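Here the protein sequences line up with chains A and B, keeping their order.
So the first sequence is numbered by this note's numbering: it starts at 126 and just counts up by one.
So the second sequence is numbered by this note's numbering: it starts at 1039 and just counts up by one.
The beta carbon of each residue, even a glycine, is placed where N, CA and C say it ideally should be.
A quick note: this is a predicted structure, and the numbers were derived from the prediction, not measured.
First up is the structure itself, then whatever we jot down about it.
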Amino acid sequence: MEPLRIHQGLVCPLDRSNVDTDQIIPKQFLKRIERSGFGQFLFYNWRFDDDGNPRPDFPLNAPEYNGASILVAGENFGCGSSREHAPWAIQDFGFKIIIAPSYADIFKNNCVKNGILAIQATEEQVQTILKKAETTEGYSLTVNLEEQVVSDNEGFDIHFDIAPYPKEMLLNGWDEIGVTLKYEDKIKEYEQAHA
Amino acid sequence: MQPKNIIQKIWEQHVVHQEEGKPDLLYIDLHLVHEVTSPQAFEGLRLNGRKVRRPDLTYATMDHNVPTRERNIINDPISKKQIDTLGENCQEFGVTLADINHPDNGIVHVIGPELGLTQPGKTIVCGDSHTSTHGAFGALAFGIGTSEVEHVLATQTLWQAKPKTLNIKVNGKLGTGVTAKDLILAIIAKFGVKFGTGHVIEYTGEAIREMTMEERMTVCNMSIEGGARAGLISPDETTVEYLRGRKYVPQGEAFEESAARWKALASDDGAAYDMVLEIDASEVEPQVTWGTNPGMCIPVTANVPSPENTEKSSEKDEIKRALEYMGLEAGQPITSVKIDNVFIGSCTNSRLSDLQKAAEVIRGKQVAPSVKAIVVPGSFSVKLAAEKEGLDQVFKDAGFEWRESGCSMCLGMNDDIIPSGERCASTSNRNFEGRQGKGARTHLVSPEMAAAAAIAGHFVDVRKFTAQEVM
Ligand code: SF4
Chain A
126 MEPLRIHQGL VCPLDRSNVD TDQIIPKQFL KRIERSGFGQ FLFYNWRFDD
176 DGNPRPDFPL NAPEYNGASI LVAGENFGCG SSREHAPWAI QDFGFKIIIA
226 PSYADIFKNN CVKNGILAIQ ATEEQVQTIL KKAETTEGYS LTVNLEEQVV
276 SDNEGFDIHF DIAPYPKEML LNGWDEIGVT LKYEDKIKEY EQAHA
Chain B
1039 MQPKNIIQKI WEQHVVHQEE GKPDLLYIDL HLVHEVTSPQ AFEGLRLNGR
1089 KVRRPDLTYA TMDHNVPTRE RNIINDPISK KQIDTLGENC QEFGVTLADI
1139 NHPDNGIVHV IGPELGLTQP GKTIVCGDSH TSTHGAFGAL AFGIGTSEVE
1189 HVLATQTLWQ AKPKTLNIKV NGKLGTGVTA KDLILAIIAK FGVKFGTGHV
1239 IEYTGEAIRE MTMEERMTVC NMSIEGGARA GLISPDETTV EYLRGRKYVP
1289 QGEAFEESAA RWKALASDDG AAYDMVLEID ASEVEPQVTW GTNPGMCIPV
1339 TANVPSPENT EKSSEKDEIK RALEYMGLEA GQPITSVKID NVFIGSCTNS
1389 RLSDLQKAAE VIRGKQVAPS VKAIVVPGSF SVKLAAEKEG LDQVFKDAGF
1439 EWRESGCSMC LGMNDDIIPS GERCASTSNR NFEGRQGKGA RTHLVSPEMA
1489 AAAAIAGHFV DVRKFTAQEV M
């Protein structure tokens, strides 16, 4: 996994709450046995109409958000199924960072495992970013994970919280299994004690 | 000693390593695997030259993709590939598999309990969010993503931040015709789709104690729909009796020893929780969801809500969008809503007692001519048991299709899909947009309510429906 320290990128607004993983990646695309290639199916039913044509009113289809790497959305993002295909699709589409007022637990975990930073901001801060992204052309944000700060070049500057462990994982781009295997003695000990 | 709740007890028993500033490293007692969320995990092991650490604690089944008409005809080549891949992976890594023709096959959350793999006090994970079902036995059971599946396969552990605990006290008793499904839907309707985020729920109270294990599973199953990764119920005599004699539980003397250990896990009197919520069971009515998440739910006696009823503009938009997607008018009685399909099945409501109750409602009646109705038992063994009682005939006589077991129309990954714009009364757990097929409109209900709707052709209050027949 690639380490994530400072990232600057274009913001795409998605002003919806309770976006579930069935929307992020509809089930008909879960049949692949690879991890890659899911980006083309991201938000499929929202992005495309019944004939497979892009819906012009959906933000991800708008030319002004083309190439965005920061997705901003409403509360309880990623609820529903545990499918990791959801963060895979988000990442494969080009997003590295998500900003929302809250997330479903499993989704948030899945993000960390894939090197995606899911920032929890307040409802108000998210609203501010959504407005700016909808009204300012080429609106971009800079995210500094080390300092836990999100800022733009118009004076918007907020601090966000993140637990030390996911922060360390993201900053270093670690393979978690590799980390855990350093504790193999402890696992063995536990197994012997509970055999 | 300070009184502890069951969540704290199970947690403490499973910590492998603890360190300041890190989540706890937790040991996993049972890892259930299915075909959709595992191929990339096995691939990861292969690429890194890793093995499955404890194949003996790992158990695989095929459920999400399996055909429910002709067991062995898988039309979609990619579905077939996914199913074949699980077979190959299990063989390569030495994992026990109940493949599509195995007598123990079924939906992962139905067979775990059925086989006695699910036991009180265990930590149980599966790459599926409805793993919370197993919590009915007093196990700490939760869904994980594919990276975590790989992590558990390789290490039999997970890094987990200690969750907060939430006690949902269900006071009083459920009324006649009101089911476990109605209770959990009412809880989500009352507290919202994210009240449980960051928490593990323990369901307590009189109504819960009186439930059978199958009813408890229905309640715990939908914990995730309230945002909680896990929901559980302290084990008691009901739990022990359900497990006695099952395939994978200890037998004889050893069972009695286990039973004593299990019951000791129950939350101590006076145990504290981070949050307590209460609901009065006697006030719960049969429920029907009207919208596009399980919290958008009303009693069958109520009318579809209007966006004007709420202050928050984001909620107004949400209601508006949901009404539009569902093709409903604000203010219309939910009983006036006509349905095209009925699905009785899924890990929420596909066990023998669910089928028995639905069969009672339809016995001797006919499915409305405009309705297509199917029953999909949760496992082979549920199907066999139902057939032994002649339930298949009751359903078939009424005009239902009687299918092979699997997830089926719960998420429509196989051929069981609701056409765009059609409406389905479904005993499953998610009414998200497109869940049962692109443009499909899902209404979540209990098996009894689904059965009654199949006959009437629209939603009806099952309490009156049966009463009428008696008269
Ligand atoms: S029945 Fe539905 S909810 Fe349950 S495991 Fe299968 S797809 Fe998931």
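May I ask which residues mark the beginning and end of the alpha helix (DSSP H) holding residue i?
i               : result
residue 257(A)  : 248-260
residue 1151(B) : 1146-1152
residue 236(A)  : 230-238
residue 1440(B) : Run containing residue 1440(B): none in the alpha helix (DSSP H); it sits in the beta strand (DSSP E), 1438-1440.
residue 309(A)  : 309-318
Are residue i and residue j closer than 8 Å when you measure CB to CB?
i               : j               : result
residue 1165(B) : residue 1072(B) : yes
residue 1156(B) : residue 1175(B) : yes
residue 251(A)  : residue 203(A)  : no
residue 1489(B) : residue 1375(B) : no
residue 221(A)  : residue 194(A)  : yes
residue 1477(B) : residue 1408(B) : no
residue 1446(B) : residue 1420(B) : no
residue 1138(B) : residue 1121(B) : yes
residue 1386(B) : residue 1261(B) : no
residue 1189(B) : residue 1312(B) : no
residue 1584(B) : residue 1338(B) : Within the shown structure, residues of chain B are numbered from 1039 to 1509, placing residue 1584(B) beyond reach of any answer.
residue 1255(B) : residue 1415(B) : no
residue 154(A)  : residue 163(A)  : yes
residue 1332(B) : residue 1252(B) : no
residue 1167(B) : residue 312(A)  : no
residue 1186(B) : residue 1178(B) : no
Measure from the alpha carbon of residue i to the alpha carbon of each residue in the options, then state which is nearest.
i               : options                               : result
residue 1226(B) : 1462(B), 1215(B) and 1239(B)          : 1239(B)
residue 345(A)  : 226(A), 175(A), 218(A) and 240(A)     : Shown here, chain A extends from 126 to 320; a query on residue 345(A) therefore has no answer.
residue 1308(B) : 1242(B), 1351(B) and 1262(B)          : 1242(B)
residue 1209(B) : 1319(B), 1229(B) and 1131(B)          : 1319(B)
residue 1504(B) : 1197(B), 1108(B), 1216(B) and 1207(B) : 1216(B)
residue 295(A)  : 315(A), 148(A) and 242(A)             : 242(A)
residue 305(A)  : 244(A), 317(A) and 290(A)             : 290(A)
residue 1141(B) : 1153(B), 1147(B) and 1130(B)          : 1153(B)
residue 1371(B) : 1340(B), 1346(B) and 1397(B)          : 1340(B)
residue 1202(B) : 1487(B), 1049(B), 1221(B) and 1191(B) : 1049(B)
residue 292(A)  : 1214(B), 1055(B), 1056(B) and 1060(B) : 1060(B)
In whole angstroms, give me the CA-to-CA distance for residue i and residue j.
i               : j               : result
residue 1364(B) : residue 150(A)  : 20 Å
residue 1224(B) : residue 1383(B) : 20 Å
residue 1405(B) : residue 159(A)  : 43 Å
residue 1508(B) : residue 1502(B) : The predicted position of residue 1508(B) is uncertain, since its pLDDT is 42 and thus under 50; a value taken from the coordinates is nonetheless stated next. Distance between the alpha carbons of residue 1508(B) and residue 1502(B) is about 10 Å.
residue 1123(B) : residue 1258(B) : 31 Å
residue 303(A)  : residue 268(A)  : 27 Å
residue 141(A)  : residue 1351(B) : 11 Å
residue 1303(B) : residue 1296(B) : 11 Å
residue 1483(B) : residue 1324(B) : 8 Å
residue 1158(B) : residue 1431(B) : 36 Å
residue 1265(B) : residue 297(A)  : 30 Å
residue 1162(B) : residue 1070(B) : 8 Å
residue 1366(B) : residue 1342(B) : 8 Å
residue 1479(B) : residue 1471(B) : 7 Å
residue 1042(B) : residue 1356(B) : 40 Å
residue 1170(B) : residue 280(A)  : 45 Å
residue 166(A)  : residue 1425(B) : 41 Å
residue 1200(B) : residue 1369(B) : 44 Å
residue 1336(B) : residue 1348(B) : 15 Å
residue 1273(B) : residue 1396(B) : 27 Å
residue 1497(B) : residue 1328(B) : 11 Å
residue 1377(B) : residue 152(A)  : 23 Å
Got a sec, what are the start and stop residues for the beta strand (DSSP E) residue i sits in?
i               : result
residue 160(A)  : Taken as a continuous stretch (DSSP letters only), residue 160(A) belongs to no beta strand (DSSP E), as it is neither H nor E.
residue 1464(B) : 1461-1464
residue 1064(B) : 1062-1065
residue 1457(B) : From DSSP, residue 1457(B) is part of no beta strand (DSSP E); its letter is neither H nor E.
residue 1098(B) : 1096-1099
residue 1487(B) : Residue 1487(B) -> not in any beta strand (DSSP E); alpha helix (DSSP H) instead, spanning 1485-1494.
residue 1318(B) : 1313-1318
residue 284(A)  : 282-284
Completely contained alpha helix (DSSP H) runs for the stretch 1160-1204 of chain B, where each covers 4 or more residues: 1184-1193
Ordered list of alpha helix (DSSP H) runs contained in the stretch 1376-1418 of chain B, each at least 4 residues: 1390-1400
List in chain order: all unbroken alpha helix (DSSP H) runs of 4+ residues lying wholly within the stretch 1053-1094 of chain B. 1077-1085
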